[in-house]
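Enquirer: If you use our numbering, the sequence shown closes out at 285, no skipped numbers anywhere.
Take a look at the following structure, please.
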Amino acid sequence: MEKKALNVNGETIYIPAYYQRVDPMPGDPENATPFEVQTENARCIAFVSAESPAKAMPDDQKGLISGVRQFLAENQGLIRAEADKERAYTIVKNLQEAQGVQYILTYQKFCREFLVSIQAFFAEAGTTGLRESMIYSLCRNEGILGNEKNPLDGWTKDPYDDSITAGALMNLSEHEKFDERFPGFPLTMCRELVKCLAGEE
Numbered sequence: 085m086e087k088k089a090l091n092v093n094g095e096t097i098y099i100p101a102y103y104q105r106v107d108p109m110p111g112d113p114e115n116a117t118p119f120e121v122q123t124e125n126a127r128c129i130a131f132v133s134a135e136s137p138a139k140a141m142p143d144d145q146k147g148l149i150s151g152v153r154q155f156l157a158e159n160q161g162l163i164r165a166e167a168d169k170e171r172a173y174t175i176v177k178n179l180q181e182a183q184g185v186q187y188i189l190t191y192q193k194f195c196r197e198f199l200v201s202i203q204a205f206f207a208e209a210g211t212t213g214l215r216e217s218m219i220y221s222l223c224r225n226e227g228i229l230g231n232e233k234n235p236l237d238g239w240t241k242d243p244y245d246d247s248i249t250a251g252a253l254m255n256l257s258e259h260e261k262f263d264e265r266f267p268g269f270p271l272t273m274c275r276e277l278v279k280c281l282a283g284e285e
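Printed below as a string of structure tokens:
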């Protein structure tokens with residue numbers, strides 16, 4: 085993946101080169117630099133800023149998962165939460181009634197005296213639900229989900245706690261193994277940004 089370097093308060097981070105810097109709009113996060121990209125299937129905007137350490141998310145996995153769950157609305161669900169001493173991030177699914185699915189990335193890199201903060205939003209564009217419908221059909225055809233009484237049996241599951249049944253639970257189509265089949269889709273692009281920030285791409 086081609087990358088571009090950004091200097092945030094003296095700290096260098098890397099994002100995919102296809103993100104373009106745009107002018108801030110009213111209502112954007114204060115002191116943040118916005119970057120946008122749009123594909124046939126996704127609209128993405130990322131806000132990059134330096135923040136106070138007081139705004140840091142927990143640097144342990146259990147604390148991060150517990151913390152983010154407190155703020156989830158009924159139309160939201162946890163897709164991923166990762167934390168260590170160098171960074172923490174969460175990916176949350178947000179169901180929008182007439183606009184399909186949006187994925188919200190909150191990513192923090194812990195620096196000595198501040199945080200590099202990335203708040204990014206990845207929304208479906210064009211025809212919504214394509215990834216879900218294609219993977220659902222694939223899984224049904226392979227007999228790995230559904231039964232006579234419930235065609236959705238096995239489709240959704242919280243990634244960290246099987247006892248959670250409320251909210252917009254993660255579904256099979258949102259597993260990372262399917263990202264290669266759906267380049268330019270919101271969740272794929274969200275994970276691409278995470279990998280780039282983490283130096284995995």
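C-beta: ideal position from N, C-alpha, C; glycine also.
Nothing here was measured: the structure is a model prediction, and the numbers come from that model.
List the whole-angstrom C-beta distance separating VAL92 from VAL185, where the pair is believed to meet the contact cut-off of C-beta under 8 angstroms.
Expert: In fact, because the Cβ distance is near 29 angstroms, the residues do not count as touching under 8 angstroms.
Enquirer: If we require 4 or more residues per run, which alpha helix (DSSP H) segments fall completely within the segment 158-232?
Expert: Counting only runs of 4 or more, we get 214-225.
Enquirer: LYS287 lies in the alpha helix (DSSP H); which residues open and close that run?
Expert: This structure gives no information on residue 287, because the portion of the chain shown stretches from 85 to 285.
Enquirer: Taking the alpha-carbon positions, what's the HIS259 to GLN145 distance?
Expert: Between HIS259 and GLN145, the C-alpha separation is close to 19 angstroms.
Enquirer: Starting from PRO118 and walking both ways along the beta strand (DSSP E), at which residues does that stretch end?
Expert: First-last of the beta strand (DSSP E) with PRO118: 117-122.
Enquirer: If you check the beta carbons only, do LYS177 and TYR187 fall under 9 angstroms apart?
Expert: Their beta carbons are under 9 angstroms apart, which means LYS177 touches TYR187 by this criterion.
Enquirer: Assign ILE228 to one of two classes, buried (16 or more other C-beta atoms within 10 Å of its C-beta) or exposed (fewer than that).
Expert: Looking at its Cβ environment, which holds fewer than 16 other Cβ atoms inside 10 Å, ILE228 is exposed.
Enquirer: My output table needs one value for TYR271: the three-state DSSP class, helix, strand or coil.
Expert: According to the sequence shown, residue 271 is Leu rather than Tyr. Residue state, collapsed to three classes: helix.
Enquirer: From which residue to which residue does the beta strand (DSSP E) around LYS87 run?
Expert: Unbroken beta strand (DSSP E) run through LYS87: 87-92.
Enquirer: Label LEU236 either buried or exposed according to how many other C-beta atoms from any shown protein chain fall within 10 Å of its C-beta, with 16 as the threshold for buried.
Expert: Exposed is the call here.
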